[in-house]
Amino acid sequence: MIVLIIGGDSLIGSALFEYWREDKTIQCYSSTRNNHLVSDSRPYIDLKKPELFKIDKHYEVVILCASISSIVSCNLNKKQTRIINVDNTYSVSKKLSQLGAHIIFLSSNQVFDGTVPFKKNNDSKSPISEYGKQKVDTEELISGLKRFSILRLTKVMHPELSLLLKWKGILENGEKISAFKDMYFSPIDIKKVIGKIDFLTKKKLVGIYHCSGCEDISYYDFAIKYVEELGYSKELVKEDFCKKKGIIPVRFTSLMSDC
914 MIVLIIGGDS
924 LIGSALFEYW
934 REDKTIQCYS
944 STRNNHLVSD
954 SRPYIDLKKP
964 ELFKIDKHYE
974 VVILCASISS
984 IVSCNLNKKQ
994 TRIINVDNTY
1004 SVSKKLSQLG
1014 AHIIFLSSNQ
1024 VFDGTVPFKK
1034 NNDSKSPISE
1044 YGKQKVDTEE
1054 LISGLKRFSI
1064 LRLTKVMHPE
1074 LSLLLKWKGI
1084 LENGEKISAF
1094 KDMYFSPIDI
1104 KKVIGKIDFL
1114 TKKKLVGIYH
1124 CSGCEDISYY
1134 DFAIKYVEEL
1144 GYSKELVKED
1154 FCKKKGIIPV
1164 RFTSLMSDC
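Letter by letter, the sequence shown follows residues 914 to 1172 of the numbering used here.
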């Protein structure tokens, strides 16, 4: 099976590419925006300039991992981020779909408003952030393609996650870290996410699917667990509140997993 990952430089994209290196049933190509990494297996694809992507292979499945996922960036730069997250993502997907590819789009719990936990895949969408609105609009476009899977994810956790690396560096300097007590998330291990994508890829299932953590936890409570796992005292965690930063707190981000 010939597979293309669009967004191979991303956390999920790079992990997926490494996972499929050991799978003899998958011939995987993974895009990059770094010119020095371009090779036969790493085609150059930049969603800022989708016209530069030359389709020279018949991809059976395409996984869309590329996007601007910062809620703050999307709110501040609505027009620019929408071009990448919605318009160009769809235009590339449509071309590949017309050539017979099954499209797998990675979406988010942000398509919901966070007032109810463990949302089902057929629940009404009610985004409150620009990022969530862009995901909703892209979902609508992707669902019009002939063969597609939409996989909504909660917060994907990985040892190299920038937030964890930042916290670790601060702790190693003997300083305290701060974490929001009024913002919640549903952490999910990246290994589970990779397994779900692998499953959808090989089965080519059509529809909307969820992949979620098993609980909603505040960043503050998560930070306490994290520092204790590293052998530090929980006294090194200071509570902060996102309302002070002008960020709307969301109580629930969990989804009802179904595949």
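For every residue, glycine included, the Cβ atom is placed at its ideal position computed from N, Cα and C.
These figures come from a predicted structure and were not determined experimentally.
Pairing I1017 with L1113 gives a Cβ-Cβ distance under 8 Å. Closest by C-alpha distance to T994, out of Y957, L950 and Q1047, is Q1047. Taking the CA atoms as reference points, V985 sits about 24 Å from F1031. Below 8 Å, too few C-beta pairs join the region 1005-1016 and the region 1077-1097 to call them touching: fewer than three. Around the Cβ of L1084, a 10 Å sphere holds 16 or more other Cβ atoms; the residue is buried. Counting C-beta pairs closer than 8 Å gives fewer than three between the region 941-948 and the region 995-1003, which falls short of the contact rule. Below 8 Å, enough C-beta pairs join the region 1057-1069 and the region 1117-1125 to call them touching: three or more.
Of all alpha-carbon atoms in Y1044, I968, G1057 and S954, the one lying nearest the alpha-carbon of C987 is that of Y1044.
Setting aside the 5 residues that flank it on each side, F1093 is surrounded in the same chain by Y1132, D1153 and C1155, each with a C-beta closer than 6 Å to its C-beta; the list follows chain order. By the beta-carbon neighbour count (other beta carbons within 10 angstroms, threshold 16), T938 is exposed.
Here C941 is bridged, per DSSP, to V916.
For the pair V1005 and I919, the CB atoms are nearer than the 8 Å cut-off.
Within the region 1001-1055, the runs of beta strand (DSSP E) at least 3 residues long that lie entirely inside it are, in chain order, 1015-1021.
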